[in-house]
Amino acid sequence: MVSSLLQLQTTEAIRTIYNGQEWKAARSSPRRSIEEIRVECRKVPIDTLRGLPSSVDTCGASSKRKRHHFLTHAHKDHLSGIVAFSSHTIYCTRLTKSLVLCQFPQFDDSLLLEIEVGQSVVINDPDGDFKVTAYDATHCPGAAMFLFEGEFGNILHTGIA
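So, in structure tokens, the structure goes:
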């Protein structure tokens with residue numbers, strides 16, 4: 001478990017995330033809110049200043065309310081329900097995009113936007129822009145971790161439980 005421990009220090013707090021499943025905040029204040037991020041069908045509370053407008057590795061009904069979607073890798077447990085997302089843009093690596101299209105040839109490939117390992121993308125959002133950087137997850141070919149940086153702090157989603 002220690003090897004999966006990741007600490008991210010922000011100006012607001014130190015967040016401790018164990019593969020996106022558990023959390024601790026070093027401090028909290030009345031201005032903060034608890035936002036639920038769905039990770040592989042499990043709710044994960046992340047202490048943030050604002051609600052996050054994005055989902056990672058989930059294609060359920062609650063994810064449709066999110067404005068931005070990210071796919072860490074193309075394993076079946078991460079792709080469940082993806083066909084229902086036929087009108088939502090999803091960020092993923094080029095290889096993950098290819099694997100998704102092999103499994104779901106009917107999926108509109110223009111909805112899968114490529115973000116390569118080492119690349120950062122600024123996402124424009126009405127609640128405040130944020131930056132997403134893809135890192136190599138080494139979990140499987142095409143797998144990526146996503147680092148989200150914005151007014152809410154810094155959150156690294158590993159995509160692997």
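Position one of the sequence shown corresponds to residue 1 (the UniProt record's numbering), numbered consecutively onward. All C-beta atoms, glycine included, are put in the ideal place defined by N, C-alpha and C. Here the structure is a predicted model, which means the values were calculated and not measured.
Per DSSP, cross-strand counterpart(s) of residue i
i, result
"Ser120", "Thr133"
"Leu147", "Thr133, Leu156"
"Cys92", "Glu114"
Inter-residue CB distance, residue i and residue j (contact presumed, cutoff 8 Å)
i, j, result
"Thr89", "Ala144", "About 16 Å; that fails the 8 Å criterion."
"Thr158", "Leu147", "About 10 Å separates the two Cβ atoms, so there is no contact after all."
"Arg118", "Ala74", "One point to set straight first is that residue 118 is Gly, not Arg, in the sequence displayed. Gly118 to Ala74, Cβ: 19 Å. No contact."
Classification of residue i by the beta-carbon crowding that lies within 10 angstroms, buried from 16 upward
i, result
"Thr138", "exposed"
"Val100", "buried"
"Thr150", "Note on residue identity: the sequence assigns Gly, not Thr, to residue 150. Flag for Gly150 reads buried."
Cutoff 6 Å; reference residue i; Cβ partners in own chain excluding five residues on either side
i, result
"Ser120", "Lys131, Thr133"
"Tyr91", "Phe70, Leu113, Ile115"
9 Å Cβ cutoff met for residue i and residue j
i, j, result
"Asp136", "Arg67", "no"
"Leu156", "Leu112", "no"
"Lys97", "Asp109", "yes"
Other residues of its chain near residue i: CB distance less than 8 Å, five sequence neighbours each side excluded
i, result
"Ile123", "Ser54, His68, Asp129, Phe130, Lys131, Val132"
Same chain, Cβ closer than 7 Å to residue i, five either side skipped, listed in chain order
i, result
"Glu116", "Thr93, Arg94, Ala134"
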